[in-house]
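Position 31 of the sequence shown, counting from 1, maps to 136 under the numbering used here, and the rest follow consecutively. Even for Gly, the Cβ is constructed at its ideal location relative to N, Cα and C. Note that this is a predicted model, so its numbers are computed, not measured. Here is the structure we will look at.
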Amino acid sequence: MIDGLQTWWLMPLVAGLLLAVSAGPLGSFVVWRRMAFFGDTLAHGALLGITFGVLTDLDPTLALVVGSASLALILLPLQLASRLSADTLLGIVSHGTLAIGLVALSLADGIRVDLMGYLFGDLLAINEGHVYWLLGSTAITLTLVLCFWNSLLAVTVSPELARIEGRPVMLLDLMLILLLAMTVALAMKVVGILLISALLIMPPAAAHALSKGPRQMAAIASVVGIMSVLFGMWASFRWDTPAGPSIVVTAMLLFIASLTFRRKR
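Shown next, in the form of structure tokens:
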């Protein structure tokens, strides 16, 4: 198998880097479409997937992915049909599903779950199986985003115009949302439910200040994400701080640095 990844620190590092690479272009679309709250909702709702997995003895990672994807499939038509604003609807679903998941776990007799690990991430508990999941997720995300880049960008800029051009707007939206759901589910072990959106938003936001076009922004976002993981994990080991929050703090500092660079330029 992956003999070289048996070192305790190397497996989490590879997992974090894989997530950073896929979160760059995917997070760019999240920023362009103003879907940050959607990512939060998927993250909070994924706790129901954890609950389902624990109660049915299903693989935790598979339960997370299935839970996030199921919620995404429910949210897409719900947003179109509801009379409530998108923010209001997402807020209700986000906090409601998080609360239901926490209550359900507390009522499950004889079952212990590391809630802190899911809420704030537990990067050092990542195993070889999770790395394979992230490897597959990253490959799928990058392949689909690259293949459908122009169409995804067209739908992001103007869904109406994209529809007139004959592009499958609904299918493209569905594909992007499912990719987001998969990434959010697998990111839980890295940064946790409460910090996932930060990893999707901060690198693209920093890249926005440094880039001259969409493609460049997506590429720079991945680089910023990689730097956040590398320096964040170094800080975590150096000062014995939580790995997930350390990565997010590093991403925030890089975002602030990008704003300073932009002003000088």
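Three-state secondary structure (DSSP) of residue i
{"i": "Leu239", "result": "helix"}
{"i": "Met140", "result": "coil"}
{"i": "Val159", "result": "helix"}
{"i": "Pro309", "result": "helix"}
{"i": "Asp145", "result": "helix"}
{"i": "Ala244", "result": "helix"}
{"i": "Gln111", "result": "At Gln111, the pLDDT of 48 sits below 50, so the modelled position is not reliable and the matter cannot be decided from this model."}
{"i": "Pro347", "result": "coil"}
{"i": "Gly121", "result": "helix"}
{"i": "Val218", "result": "coil"}
{"i": "Ser316", "result": "coil"}
{"i": "Ile361", "result": "helix"}
{"i": "Leu231", "result": "For the record, residue 231 in the displayed sequence is Ile; it is not Leu. In the structure shown, Ile231 sits in coil (DSSP, three-state: anything other than H, G, I, E or B)."}
Nonlocal neighbours in the same chain, by C-beta distance under 8 Å from residue i, ignoring five residues either side
{"i": "Ala128", "result": "Thr288, Ala292, Leu304, Leu305, Pro308, Ala326, Ser327, Gly330"}
{"i": "Met357", "result": "Ala303, Met307"}
{"i": "Ser175", "result": "Gly154"}
Endpoints, alpha helix (DSSP H) assigned at residue i
{"i": "Phe253", "result": "Unbroken run through Phe253: none, as it is neither H nor E."}
{"i": "Val296", "result": "274-296"}
{"i": "Arg343", "result": "319-344"}
{"i": "Ala204", "result": "191-212"}
{"i": "Ser173", "result": "165-186"}
{"i": "Glu265", "result": "264-269"}
Test item: CB-CB of residue i and residue j under 8 Å
{"i": "Gly234", "j": "Thr166", "result": "yes"}
{"i": "Leu124", "j": "Leu240", "result": "no"}
{"i": "Ala209", "j": "Thr146", "result": "no"}
{"i": "Ile298", "j": "Leu152", "result": "yes"}
{"i": "Gly226", "j": "Gly349", "result": "yes"}
{"i": "Val171", "j": "Gly154", "result": "yes"}
{"i": "Ser333", "j": "Thr355", "result": "yes"}
{"i": "Leu180", "j": "Val198", "result": "yes"}
{"i": "Gly337", "j": "Ile361", "result": "no"}
{"i": "Phe142", "j": "Asp219", "result": "no"}
{"i": "Ser187", "j": "Leu194", "result": "yes"}
{"i": "Ile301", "j": "Ala148", "result": "yes"}
Near the ligand GDP: residue i beta-carbon under 7 Å from a heavy atom
{"i": "Met287", "result": "Questions concerning the ligand GDP fall outside what the structure shown contains, since it holds no ligand whatsoever."}
Cβ-based neighbour list, residue i, same chain, cut-off 7 Å, excluding 5 preceding and 5 following
{"i": "Phe134", "result": "Leu257, Thr261, Leu281"}
{"i": "Leu283", "result": "Ala174, Ala177"}
{"i": "Trp238", "result": "Thr166, Leu291"}
Neighbourhood of residue i by C-beta, 6 Å cutoff - its chain only, sequence neighbours within 5 removed
{"i": "Leu315", "result": "Ile325, Ser363"}
{"i": "Ala312", "result": "Met322, Ile325, Ala326, Val329"}
query: Does the stretch 152-162 come close enough to the stretch 119-127 that 3 or more CB-CB pairs lie under 8 Å?
result: Judged by pairs of C-beta atoms under 8 Å, the stretch 119-127 does not touch the stretch 152-162, as fewer than three such pairs exist.
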